[in-house]
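Residue numbers (the numbering used here), protein chains in the order written: chain U, 6 to 126; chain R, 6 to 126.
Heads up, the thing below is written out as structure tokens.
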DNA sequence: ATTTTATATCACTATATAATAATATATTAA
DNA sequence: TTAATATATTATTATATAGTGATATAAAAT
């Protein structure tokens with residue numbers, strides 16, 4: 006009914022969706038997971054993730070723009086770290102949720118390029 | 006170092022990113038927010054969100070495939086509801102996080118079509 | 001000053017996917 | 001059965017965006 010419409014603050018939804026987009030890409034999520042263990046330079050992140058350097062920089066900029074990570078220069082190196090411990094909490098909650106719904110998410114190939122399943126539902 | 010690489014279970018990352026993609030689209034997030042108040046038929050969701058019926062159905066299918074929502078038929082109506090209370094918990098945590106980083110997320114126009122900001126950083 | 005190293009930016013391409021329009025399916029009512 | 005209603009599917013289009021290669025900027029070392 007109309008009580009629902011009141012709860013649908015368009016702008017709040019947009020912002021919240023944007024936050025989740027920070028987590029919604031495998032490369033960015035990889036970076037965030039690594040940063041859960043502490044600050045890392047861009048070079049280290051490149052080394053650990055195996056992503057290209059420009060790709061890492063681009064994703065870090067995206068995350069930094071959204072305040073999900075913060076940067077700190079030390080000489081030639083720039084160290085990135087998570088901006089808020091609640092980011093880790095959200096990831097933890099998500100892991101708990103996934104332990105139950107993982108199967109469904111795994112089977113969700115709706116938007117997958119690797120759509121090579123042979124099971125028909 | 007290498008200890009990080011061990012933590013980077015590729016498949017786990019992919020699945021987790023997929024979960025967040027469920028939340029990362031404004032239309033889907035809207036649907037989820039509405040469902041936080043209880044089960045709704047497709048028609049009600051169309052009415053409340055203002056999205057087109059096929060669009061709602063498509064997003065619901067995506068969410069259902071990923072086990073984020075469950076469906077239940079009653080006559081001609083199909084009622085959708087959140088599959089797990091932890092979904093709500095994740096959203097709550099995210100709201101708390103957003104209360105602090107919202108400004109940054111709001112200003113994050115990196116991938117925005119509505120890129121009409123006049124402030125230069 | 002020049003070179004080396006670390007990171008960022010930019011232009012471009014390819015892919016993913018959100019939205020739409022048209023149509024199909026399923027359930028109930030007449 | 002036929003009509004009406006509710007939901008799902010499909011094909012298509014347009015847009016968003018991830019990744020790459022080339023280059024630029026910045027700091028330190030020679």
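Using N, Cα and C, we set each Cβ at its ideal position, and we do this for glycine too.
All of these numbers come straight from a predicted model, not from anything done at the bench.
| Check | Outcome |
| --- | --- |
| Given a threshold of 16 other Cβ atoms within 10 Å of its Cβ, counted over all protein chains shown, does residue 104(U) qualify as buried or as exposed? | exposed |
| Give the DSSP bridge partners of residue 46(R), in chain order. | 84(R) |
| Is the shortest distance between the beta-carbon of residue 125(U) and the beta-carbons of chain R less than 8 angstroms? | Reliability of the predicted coordinates at residue 125(U) is poor, the pLDDT of 32 falling under 50, and the value obtained from them is presented with this limitation in mind. No, residue 125(U) lies away from the interface with chain R (no Cβ there is under 8 angstroms from its Cβ). |
| In terms of alpha-carbon separation, which member of 36(R), 58(R), 31(R), 75(R) lies closest to residue 18(U)? | 31(R) |
| To the nearest angstrom, report how far apart residue 57(U) and residue 63(R) are at their CA atoms. | 34 angstroms |
| Mind checking residue 100(U): buried by the 16 CB within 10 Å criterion, or exposed? | exposed |
| Beta carbons nearer than 8 angstroms to chain U: which residues of the stretch 56-79 of chain R have them? | 66, 67, 70, 71, 72, 73 |
| Buried or exposed: where does residue 81(U) fall if 16 or more other Cβ atoms within 10 Å of its Cβ makes it buried? | exposed |
| Please state whether the Cβ-Cβ distance between residue 85(U) and residue 74(U) is less than 8 angstroms. | yes |
| Residues in the same chain with beta-carbon distance under 8 angstroms from residue 45(U), minus the five sequence neighbours each way, listed in chain order, please. | 39, 53, 84, 85, 86 |
| Counting only Cβ pairs nearer than 8 angstroms, list the residues of chain U close to residue 99(R). | 21, 24, 25, 95 |
| Counting only beta-carbon atoms, is residue 13(U) nearer than 8 angstroms to chain R? | yes |
| Output needed for residue 34(U): all residues of its chain with C-beta closer than 7 angstroms, excluding positions within five of it in sequence on either side, in chain order. | 28 |
| Identify every residue that forms a DSSP beta bridge with residue 79(R). | 82(R) |
| Under 9 angstroms between beta-carbons, which chain U residues line up against residue 83(R)? List them in chain order, please. | None at all; the shortest Cβ gap to chain U is about 17 angstroms. |
| Just the Cα atoms here: how many angstroms apart are residue 51(U) and residue 48(R)? | 48 angstroms |
| Please name the residue in 14(R), 102(R), 95(R), 68(R) whose C-alpha comes closest to that of residue 36(U). | 14(R) |
| Could you work out which residues of chain R lie near residue 36(U), taking near to mean beta carbons separated by less than 8 angstroms? | The contacting residues do not exist; residue 36(U) stays about 10 angstroms from chain R at best. |
| Quick check on the burial criterion: 16 or more other C-beta atoms within 10 angstroms. Buried or exposed for residue 78(R)? | exposed |
| Give me whichever residues DSSP pairs with residue 51(R) in a beta bridge. | Paired residues: none, contrary to the question. |
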